[in-house]
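Before any comments, here is the structure.
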Amino acid sequence: MDVPKLELRPLGNTGIKLSSVGFGASPLGSVFGTVSESDAVASVREAFRLGINFFDTSPYYGGTLSEKMLGKGLKALGVPRNEYIVSTKCGRYREGFDFSAESVTKSMDESLERLQLDYVDIFQCHDIEFGSLDQIVKETIPALQKLKEAGKIRFIGITGLPLEIFTYVLHRVPPGTVDVILSYCHYSINDSTLEDLLPYLKTKGVGVISASPLAMGLLTELGPPEWHPVADYDRRIEQKRN
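Residue 1 is where the sequence shown starts when you use full-length UniProt numbering, and the numbers rise one by one after that.
Encoded structure:
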């Protein structure tokens, strides 16, 4: 049976087109329960068959396991490299945060080895609100620009939860330096505040990736993580009931 292909959407001024739904590979790192290698490879294959061409990971997910599993899954596709888009991250690791130029440069080489790739399409500074935003501007992003010049990455991105971190950085770097932002939990069933930022991002030519559209499991029996604002609201409601 023919499978309808997902819509492809342009990502800012990058010239690349992502499937309207991407593949978040953190589960491949057994973050939410053990995932076998065979299941990881099968899930990547099935996602690609259904039209997903964008795969996002990080060395933080499962302590590098997600990158390793995704690399095996992508290799098993047996298709030309330009048929899929890979994004990984730097600065956040199981051991903590390190956005220094030396660390992110080393992180890139290690990620390429785990992913079994010669380059990644998007390299993102991961959860920058936990570091110094001035360091991101003055040290981390310039280091990523050097990696871009070396052909190891195609585009530079930043990620995080508070929306104001994006305007802070974009105000302070030359136009076109940051190609992509990844925001999560701000374009979902309970929070659409990312919409307010879209006109600004468009003027900057910055592509937008919206992660966690289901608000980190808000409607599941397990519920959202402890840090999620809704989790605190739910606790207050429960206290009033008791």
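Idealized CB from N, CA, C, for every residue including glycine.
Check                                                                                                                                                                : Outcome
Going by beta carbon distance, what residues of the same chain come within less than 7 Å of Lys240, once the five residues before and after it are set aside?        : Caution applies to Lys240, whose pLDDT of 45 falls short of 50 and renders its modelled position unreliable; the model cannot decide the point.
Would you list the residues sitting across from Phe97 in a DSSP beta bridge?                                                                                         : Arg92
Would the C-beta of Ile16 count as close to the ligand SAH, meaning under 8 Å from any of its heavy atoms?                                                           : No copy of the ligand SAH occurs in the structure displayed, which carries no ligand at all.
Check this for me: beta carbons of Ala76 and Val44, under 9 Å apart or not?                                                                                          : yes
With DSSP collapsed to three states, give me the class of Tyr233.                                                                                                    : Bear in mind that a pLDDT of 48 at Tyr233, under 50, signals an unreliable position, so the number given afterwards is only what the model happens to contain. Helix at Tyr233.
By the DSSP assignment, the beta strand (DSSP E) with Phe155 in it spans what residues?                                                                              : 153–160
Provide the residue span of the beta strand (DSSP E) that contains Ile209, from first to last.                                                                       : 207–211
Return the chain-ordered list of same chain residues with a C-beta closer than 6 Å to the C-beta of Ser66, the five sequence neighbours on each side being excluded. : Ala25, Ser26, Leu28, Gly29, Thr57
Quick one: grab the DSSP three-state call for Gln124.                                                                                                                : strand
Please state whether DSSP places Ser19 in a helix, a strand or coil.                                                                                                 : strand
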